[in-house]
Every structure is written in C-alpha cells, then in structure tokens.
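Residue numbers (this note's numbering): 15 to 101.
See below:
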C-alpha cells in the first residue's frame with residue numbers, strides 16, 4: 015500500500031486511476047492461504063480495461079471445493095474502500 019500511496023502522492027490520484035488499482039483481499043495471505051477467498055481473475059479485468067476501456071469497479075474473489083466447484087464468492091473493491099464486503 016505504501017508504494018500505491020506514493021504513486022498517488024507523486025502523480026496525483028486522478029493520474030494513477032487511469033492505469034492502476036489496488037485490491038485488498040481480506041483473509042488471504044500474501045502468497046495464498048488463510049480463511050478468505052484466494053482465487054481472483056485479474057487478467058480478464060485488465061484485458062477488459064485495456065482493450066475495451068471498461069474500468070474495473072470491483073473484482074470477484076472465490077473459493078473452490080475439492081471437485082473444483084465454487085463454494086464461496088465475494089466482491090472486493092479498489093483501495094481505499096475497505097477490503098471487507100458483506101457476505
């Protein structure tokens with residue numbers, strides 16, 4: 015978050031918002047693990063942003079079970095919005 019905030023302070027929030035988003039995913043460790051939903055498809059969001067000018071307003075996180083079925087999902091919103099969303 016310090017790097018992201020430094021970019022905002024140096025370039026201005028409106029400039030950074032043209033090319034970057036930071037998402038905090040509650041309950042997930044830096045390299046995975048934890049109680050949160052560890053899966054997230056950022057590649058599609060980035061492709062839609064770059065190729066179709068669809069700016070992401072949220073991303074969906076999800077958890078899968080042993081048969082790879084989705085067992086939980088939850089949206090997260092760009093920083094500085096809280097990382098916690100209602101279940």
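No residue lacks a Cβ here, since even glycine has one placed at the ideal position from N, Cα and C. Being a predicted model, the structure only gives us computed values, none of them experimental.
Environment of residue i [buried if 16+ CB atoms lie within 10 Å]
i	result
residue 29	exposed
residue 59	buried
residue 75	buried
residue 51	buried
residue 90	buried
residue 64	exposed
Top-ranked residue by Cα proximity to residue i, from the options
i	options	result
residue 93	86, 85, 71, 76	71
residue 36	47, 66, 21	21
residue 40	73, 68, 27	73
CA-to-CA distance, residue j to residue i, given in whole angstroms
i	j	result
residue 103	residue 95	Since the displayed the chain opens at 15 and closes at 101, residue 103 lies outside it and no answer follows.
residue 54	residue 24	29 Å
residue 15	residue 38	9 Å
residue 32	residue 77	30 Å
residue 86	residue 61	24 Å
residue 26	residue 34	12 Å
residue 81	residue 44	25 Å
Pair within 7 Å by beta-carbon distance, residue i and residue j
i	j	result
residue 48	residue 57	no
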